[in-house]
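Those letters in the sequence shown? Residues 372 to 938, by the numbering used here.
In this text, a Cβ means the ideal position worked out from N, Cα and C, and glycines have one as well.
Nothing here was measured: the structure is a model prediction, and the numbers come from that model.
What follows is one structure encoded as structure tokens, with my remarks underneath.
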Amino acid sequence: MARLIVLMPSGQRLVYEIEKVATVGRLPENAIAIPEPHISKTHCRITLQGDGYVIEDLGSRNGTLLNGIRLTVPTRLQNGARFSLGGTECIFLIEDRRSVATPGDTALSDRPTRGGPIAVPEPAAPMKLDSQHAMQAVFTPKQPGMVQGRIAVESKTFQPEKEITDVEYLRRDYEKLRIAHELMQAVGHEIDLDRILDRILECVFDMLPANRGVVLLYEANGRLVPRASRMRKERPDEEFMISTSMVKHIEEERIGILLLDAADDPRFQNAQSVIAQGIRSAMAVPLLYKDALLGIVIIDSQLVTHAFSEKDLQILSTLANQAALLVANAGLARKNEEAAATRARLQRMFSPVIAEYVASGRLEVRQGGVPMRATMLFSDIRNFTSMSEKMDAGEIVSLLNAYFERMVDVVFSFDGTLDKFVGDGMIALFGAPVTGPDDAVRAVRTALRMQEALDRFNAERERSGKAPLRIGIGINTGDVVAGYIGSSKALQYTVIGSPVNLASRLCSLARDENRIVISESTWNEVRGVFETRELEPVPIKGISEPVRTFAVLAEKPADTPPSLTAV
372 MARLIVLMPS
382 GQRLVYEIEK
392 VATVGRLPEN
402 AIAIPEPHIS
412 KTHCRITLQG
422 DGYVIEDLGS
432 RNGTLLNGIR
442 LTVPTRLQNG
452 ARFSLGGTEC
462 IFLIEDRRSV
472 ATPGDTALSD
482 RPTRGGPIAV
492 PEPAAPMKLD
502 SQHAMQAVFT
512 PKQPGMVQGR
522 IAVESKTFQP
532 EKEITDVEYL
542 RRDYEKLRIA
552 HELMQAVGHE
562 IDLDRILDRI
572 LECVFDMLPA
582 NRGVVLLYEA
592 NGRLVPRASR
602 MRKERPDEEF
612 MISTSMVKHI
622 EEERIGILLL
632 DAADDPRFQN
642 AQSVIAQGIR
652 SAMAVPLLYK
662 DALLGIVIID
672 SQLVTHAFSE
682 KDLQILSTLA
692 NQAALLVANA
702 GLARKNEEAA
712 ATRARLQRMF
722 SPVIAEYVAS
732 GRLEVRQGGV
742 PMRATMLFSD
752 IRNFTSMSEK
762 MDAGEIVSLL
772 NAYFERMVDV
782 VFSFDGTLDK
792 FVGDGMIALF
802 GAPVTGPDDA
812 VRAVRTALRM
822 QEALDRFNAE
832 RERSGKAPLR
842 IGIGINTGDV
852 VAGYIGSSKA
862 LQYTVIGSPV
872 NLASRLCSLA
882 RDENRIVISE
892 STWNEVRGVF
902 ETRELEPVPI
912 KGISEPVRTF
922 AVLAEKPADT
932 PPSLTAV
């Protein structure tokens, strides 16, 4: 079996089924009748020969062009071949489908169709609706029965003014604009997806004689689920059957389906959806946005046959096109909100550059931790406990906020990561989550700039008659495990390992003139960049030998000769 898709100048997209032979031309006697003036009365013929199809031009005035070449002899058609009839483009598709008559089914006719009914298997699945229209759908395996008819209309495009020769096309374009305007007026600037879908169905029911309607959307995992429904007469306990054949055809061909009369067709004797609900007419259209199938809209009528027409399908398709844009915009707005929230959360831990890398997905920070080498910086305010005893709670919070604001700015200016605040203390990381060759250098440089920032802060405090602050900073470099650690409800990016404890211990040693104390491992990486003074080895719990420590004095001039790197 083959299928011919005809792309009309009006923007319509008509689909015809071909089995053994079909003539194409302007007259209605043709199996495929295309009422366009540039097409001859009987233009060409498509015939099944052996295991393939052959196209033959029948002496048409404007010719049949296959892949841009005018036909002069019968030519075999390949799957996906494109040919034009005096300007109307056609796409030829071969389907490997066999219709087998089973009890309850009717085999497809060998007679070529004229303007379509297309028979396809009709499986059905129940969808329960509660009084709030919450739905659960499960698509079951194929069931007996057939969909009666399908008319496909593609109504996305508007013809240029100079190409419009029929006032009917102009009316249709106006109708598209009117429907789009009605829907946009109803939805406005709404970005809540559920409210958007409810408004879409409200517009559908205002314009079409539907009894029931449902909007199905694809989730991120590809599962098609119902998101909104509507019924003219509230029947909360009623089951809403969904034809998976209609769903499958929309997924494959992405064009609308019109079911004119289901109940009186003998092919529906065993169709569960028709028996259970008395469906007489139905339509389904895709929600397409930039060639992406976002979902499907299905409506039906239980009252009369031929409740819907081709014009109704055009209206529903137009509504669906606008609805797809609204759904896409709502999804984009939601993603933007989530991205903004994620970026804001990351910017509280990482420097703006690192936060942007993580937020954009260019840098992955894993839960559970990754082994890496990093440099830890610990700082705290000296004698803060005794100072805070003379202050009320509001003053303490105000002081810490002003102090940390300045310190975090310095950390981020050197692409450090803020681990956490601990009372009046702060922990910063360098080399996590991004490891670099100068992590230790940046950490020590940050410590010097923090002391400079504190001097400026103290100058402000002294002008207000307040006591200055003094801080100590300890820095250590070593192998740690870094990552998001905690529960599923409360995760924090941090590092763990014995080098972290040593950095904390060094911070407690930083006092008086030795305001910045670093370990030997850090000193080995920065000795050529900073002036340092070795201090007395310090015994540390858990470490067998006393630890070498160094006080950082200043950064060496950039032109310091390499030979002058001794302590």
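Item	Value
Taking the C-alpha atoms as reference points, what is the distance between Cys-461 and Gln-556?	37 Å
What does DSSP give as the partner residues of Thr-446 in its beta bridges?	Ile-426
If I follow the unbroken beta strand (DSSP E) through Thr-903, where does it start and stop?	901-905
Ile-686 and Leu-579: beta carbons closer than 8 Å?	yes
Kindly indicate the opening and closing residues of the alpha helix (DSSP H) around Asn-772.	764-784
Where Gly-899 and Lys-927 are concerned, what is the direct C-alpha to C-alpha distance, given to the nearest angstrom?	8 Å
Could you give the uninterrupted runs of the beta strand (DSSP E) lying entirely in the stretch 833-886, keeping only those of 3 residues or more?	842-857 and 862-867
Can you pull the DSSP bridge partners for Lys-791?	Ile-798
Note down, in chain order, each residue of its chain lying with its Cβ closer than 8 Å to the Cβ of Gly-868, except the 5 sequence neighbours on either side.	Gly-849, Asp-850, Val-851 and Val-852
Which residue's Cα is closest to the Cα of Lys-412: Arg-886, Arg-397 and Leu-873?	Arg-397
What are the boundary residues of the beta strand (DSSP E) that includes Met-758?	No beta strand (DSSP E) contains Met-758, which is instead part of the alpha helix (DSSP H) from 755-759.
Do Val-871 and Thr-960 count as a contact pair if the criterion is CB distance below 8 Å?	Outside the shown range of the chain, which is 372 to 938, sits residue 960, and nothing can be said about it.
How far does the beta strand (DSSP E) with Arg-384 in it extend, from its first residue to its last?	384-389
Do the stretch 880-887 and the stretch 777-795 meet, that is, are 3 or more Cβ pairs less than 8 Å apart?	no
If the criterion is Cβ atoms closer than 8 Å, does the pair Leu-429 and Arg-416 meet it?	yes
Give the secondary structure of Glu-590 by DSSP, where H, G and I count as helix, E and B as strand, and everything else as coil.	coil
If I measure Cβ to Cβ from Leu-595 and keep anything under 6 Å in the same chain, skipping five residues before and after, which residues do I get?	Leu-587 and Tyr-589
Per DSSP, Ser-600 is paired with what?	Val-585
Closest by CA to Leu-464, which one among Thr-689, Pro-910 and Glu-623?	Glu-623
Our contact map puts Ser-652 next to Ala-691 with C-beta atoms below 8 Å; I'd like the distance itself, whole angstroms only.	Actually they are not in contact, since the Cβ atoms of Ser-652 and Ala-691 sit about 17 Å apart, beyond 8 Å.
What are the start and end residues of the beta strand (DSSP E) that includes Met-747?	741-752
Rounded to whole angstroms, what's the CA-CA distance from Leu-924 to Thr-756? Just pull it up for me.	27 Å
In angstroms, rounded to a whole number, what distance separates the CA positions of Val-518 and Leu-419?	Any reading at Val-518 is ruled out, since the residue's pLDDT is 34, under 50, leaving its predicted position unreliable.
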